[in-house]
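J.: Below you'll find the structure I mean.
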Amino acid sequence: MNHNFELSLQRERMQAVKADAFYRDVLKVTEIVRFNSDSDSDMEMQRQDVDVLLTLNDITYRVSEKFRDKDYGDLYVEVYSKFPKTQGWLHTGTPNAILYFTPNTVYWITHKSLANFCLDQLFPLIALDFFLELYQSHQPIISKHIVLNKKPIKINLIQAHNSLPDGSCWETIGISAPFSFFEENGVKIRKMSYQ
Numbered sequence: 002m003n004h005n006f007e008l009s010l011q012r013e014r015m016q017a018v019k020a021d022a023f024y025r026d027v028l029k030v031t032e033i034v035r036f037n038s039d040s041d042s043d044m045e046m047q048r049q050d051v052d053v054l055l056t057l058n059d060i061t062y063r064v065s066e067k068f069r070d071k072d073y074g075d076l077y078v079e080v081y082s083k084f085p086k087t088q089g090w091l092h093t094g095t096p097n098a099i100l101y102f103t104p105n106t107v108y109w110i111t112h113k114s115l116a117n118f119c120l121d122q123l124f125p126l127i128a129l130d131f132f133l134e135l136y137q138s139h140q141p142i143i144s145k146h147i148v149l150n151k152k153p154i155k156i157n158l159i160q161a162h163n164s165l166p167d168g169s170c171w172e173t174i175g176i177s178a179p180f181s182f183f184e185e186n187g188v189k190i191r192k193m194s195y196q
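Those letters in the sequence shown? Residues 2 to 196, per the numbering used here, in order.
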């Protein structure tokens with residue numbers, strides 16, 4: 002899977018307009034503060050995986066936004082931002098919530114519950130050899146089985162080849178599994194309609 006990082010960034014910024022409408026019309030937030038100007042202070046928030054601050058019922062939430070073109074019924078979690086040396090957003094991020102946008106649905110995922118499950122239980126079960134196999138194959142996706150709590154689980158490892166106009170490139174690798182799998186393991190997910 003080839004991934005033009007700059008085009009993806011532009012697309013994400015266009016999605017912000019729809020996201021802001023959702024925040025105002027559905028969540029009824031009273032304030033939206035975005036960090037997308039590429040200023041030093043905005044980039045500092047981006048490095049913490051915080052795209053926006055939302056004030057809702059007098060509480061301000063640090064939110065990471067994720068956008069997908071299709072709802073596959075699964076949650077993608079980045080394990081390596083740049084394989085093999087740079088860990089993904091779940092390791093380094095500090096948001097309160099991840100808002101996961103698909104064309105018709107938004108999933109509000111409590112970051113702490115996702116991080117606790119993935120970092121403490123799920124990621125340790127995924128062999129480095131699985132990631133190396135995917136990386137060396139240059140395939141966009143491979144499926145693997147792991148055992149969690151004596152139960153076999155199928156996960157997908159997904160790889161994106163990222164490039165910039167200056168010629169630099171890197172591989173981002175993550176995993177996906179059904180939302181139900183994460184919920185069964187204590188991840189707090191709220192599903193909302195979105196048009």
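Using N, Cα and C, we set each Cβ at its ideal position, and we do this for glycine too.
According to DSSP, is residue 88 helix, strand or coil?
T.: strand
J.: Which word fits residue 173, buried or exposed, when buried means at least 16 other C-beta atoms lie within 10 angstroms of its C-beta?
T.: Buried, because 16 or more other Cβ atoms sit within 10 Å of the Cβ of residue 173.
J.: Whole angstroms are fine: how far does the CA of residue 59 sit from the CA of residue 120?
T.: 31 Å
J.: Thinking just about the alpha-carbon of each residue, which of 19, 33, 79 and 163 is nearest to the one in residue 139?
T.: 163
J.: Sorted by chain position, which residues of the same chain lie with C-beta nearer than 7 Å to residue 135's C-beta, five sequence neighbours on each side aside?
T.: 143, 158, 160 and 174
J.: Going by CA-CA distance only, name the one from 108, 191, 32 and 100 that's closest to residue 50.
T.: 100
J.: Any idea if residue 148 is buried or exposed, counting beta-carbon neighbours within 10 angstroms, 16 or more meaning buried?
T.: exposed
J.: Measure from the alpha carbon of residue 82 to the alpha carbon of each residue in 31, 132 and 154, then state which is nearest.
T.: 132
J.: Between the region 37 to 50 and the region 69 to 78, can you find at least three pairs of beta-carbon atoms closer than 8 Å?
T.: no
J.: In chain order, what are the residue ranges of uninterrupted alpha helix (DSSP H) at least 4 long that sit wholly in the region 31 to 75?
T.: 41 to 48
J.: Three-state secondary structure (DSSP) at residue 82?
T.: strand
J.: Residue range of the beta strand (DSSP E) that residue 1 falls in?
T.: Beyond the ends of the chain as shown, which are 2 and 196, falls residue 1; an answer cannot be given.
J.: Find out if the Cβ-Cβ distance for the pair residue 109, residue 15 is shorter than 8 Å.
T.: no
J.: Just to confirm my understanding: we take residue 48, look at its own chain, exclude 5 residues before and 5 after, and list those with CB closer than 8 Å. What are they?
T.: 93
J.: What would DSSP say about residue 100, mapped onto helix, strand or coil?
T.: Residue 100 falls in the strand class under three-state DSSP.
J.: Take residue 145 as the anchor and find which of 178, 43 and 21 has the nearest alpha-carbon.
T.: 178
J.: Give the range of the beta strand (DSSP E) segment to which residue 149 is assigned.
T.: Membership of residue 149 in the beta strand (DSSP E) is indicated by the continuous run 142 to 149.
J.: What's the gap between the Cα of residue 118 and the Cα of residue 23?
T.: Rounded to the nearest angstrom, the two C-alpha atoms are 28 Å apart.
J.: Look at the Cβ atom of residue 195, then the Cβ atom of residue 105, and state whether they are nearer than 8 Å.
T.: yes
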